[in-house]
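Residue numbers (our numbering): 1469 to 1838.
The next block holds one structure in the form of structure tokens; read it before the comments.
The following block contains the structure:
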């Protein structure tokens, strides 16, 4: 009757008024919710666009919404949809599935960040081929990365550096699976990837045969690298790395010019270099700043914690020769799980042998510089 006699303006006013009244009501009783559903479902279709959006925005702040009321909000709220999806205290599975089903990428990404996702919703989200959705899933620490979800996240990390960065920050994600994204990660996260191979068995790396066939001895390799780095002949370092690793020139150039030494550490250890010989190279590579001794101490510790075979496997991952998901098998799980009582390679090493080596190498560097 109001619509017929009062026109759209009064309908708009009534819609906003009843939505405001319902929201202010707090937790409505079942009869009140049923009565409001009947009224709102008749007012929304005939109200004007602005009134619909305003009424839905007000209604979206209500303490309790039935699935039917959620649909009214989702269908009419317009540009504020994502605000509603992220801020709603409770959101029904039907509403979430509806957003995903219509391939609303921003809406699905907002849902992927929620803490109340059901298995059905998660399955549908992981089926979406969207970087925004996978970035939200990777950052959602309440999603346990295992099984098919683990595989999907690991594959996504290879293609999206932001997914890789989010996963690297998670304590429940095996950082070894981020090996293909190694060069997209920060210096700290690169060390996490290396540390994930500590005290760990790995499948046989395809590159291991190449390493065994090379006639260059470790001492000759380290001497050549020290000479080239001390004379700042980076292009020749690039050529040498390309010859012994089989990586492309662009990647080897990146390794040759980095000042952290993390990638070069992997190569040195893969070829069986000891801590002392490896540090003689790395001291010429790492930047000469206040954190230099700490970085060398980290490397000294990792020389003892990671095997040449595991670093060869990491190099094969860079070359795309291995299926990293094999590391999820029981026989390749880390031998020692990270805990508060377990020393980490990301903390300064208090190893007398390592410290003496670093001090000796530092003196060598100072004498050469003078």
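Even glycine gets a Cβ: it sits at the ideal position worked out from N, Cα and C.
{"Item": "Check whether the stretch 1660–1668 touches the stretch 1685–1699, counting contact only when three or more Cβ pairs, one atom from each stretch, lie closer than 8 Å.", "Value": "no"}
{"Item": "What does the alpha-carbon distance come out to for the pair residue 1679 and residue 1712?", "Value": "8 Å"}
{"Item": "For residue 1583, does the count of other Cβ atoms within 10 angstroms reach 16, so buried, or fall short, so exposed?", "Value": "exposed"}
{"Item": "Which of the three DSSP states is assigned to residue 1722 in this structure?", "Value": "helix"}
{"Item": "State the Cα-Cα distance for the pair residue 1593 and residue 1601, rounded to the nearest angstrom.", "Value": "7 Å"}
{"Item": "Report the option in 1649, 1630, 1617, 1613 whose CA atom is closest to the CA atom of residue 1641.", "Value": "1613"}
{"Item": "For residue 1516, name the three-state secondary structure that DSSP assigns.", "Value": "coil"}
{"Item": "Quick check on residue 1423: does DSSP put it in helix, strand or coil?", "Value": "One cannot answer for residue 1423 here, as it falls past the ends of the chain, which runs 1469 to 1838."}
{"Item": "Secondary structure at residue 1791, three-state DSSP: helix, strand or coil?", "Value": "coil"}
{"Item": "Let me know if residue 1672 comes out buried or exposed under the rule of 16 or more other beta-carbons within 10 Å of its beta-carbon.", "Value": "exposed"}
{"Item": "Less than 8 Å between the CB atoms is what I'm expecting for residue 1519 and residue 1483, so what's the real figure, rounded?", "Value": "5 Å"}
{"Item": "The alpha helix (DSSP H) with residue 1545 in it runs from where to where?", "Value": "Residue 1545 -> no alpha helix (DSSP H), and no H or E assigned at all."}
{"Item": "Using beta-carbon positions only, say whether residue 1753 and residue 1732 come within less than 8 Å of one another.", "Value": "yes"}
{"Item": "Report the three-state DSSP secondary structure of residue 1629 (helix, strand or coil).", "Value": "helix"}
{"Item": "Taking the continuous alpha helix (DSSP H) assigned at residue 1784, which residues delimit it?", "Value": "1776–1786"}
{"Item": "Tell me the DSSP secondary structure of residue 1477 in three-state form.", "Value": "helix"}
{"Item": "Quick check on residue 1674: does DSSP put it in helix, strand or coil?", "Value": "coil"}
{"Item": "Using a Cβ-Cβ cut-off of 6 Å (strictly less than) and excluding sequence neighbours within five positions of residue 1487, which residues of its own chain qualify?", "Value": "1523, 1526, 1527"}
{"Item": "Assuming contact is defined by CB atoms lying nearer than 8 Å, are residue 1778 and residue 1665 in contact in what I supplied?", "Value": "yes"}
{"Item": "Helix or strand or just coil, what does DSSP make of residue 1639?", "Value": "coil"}
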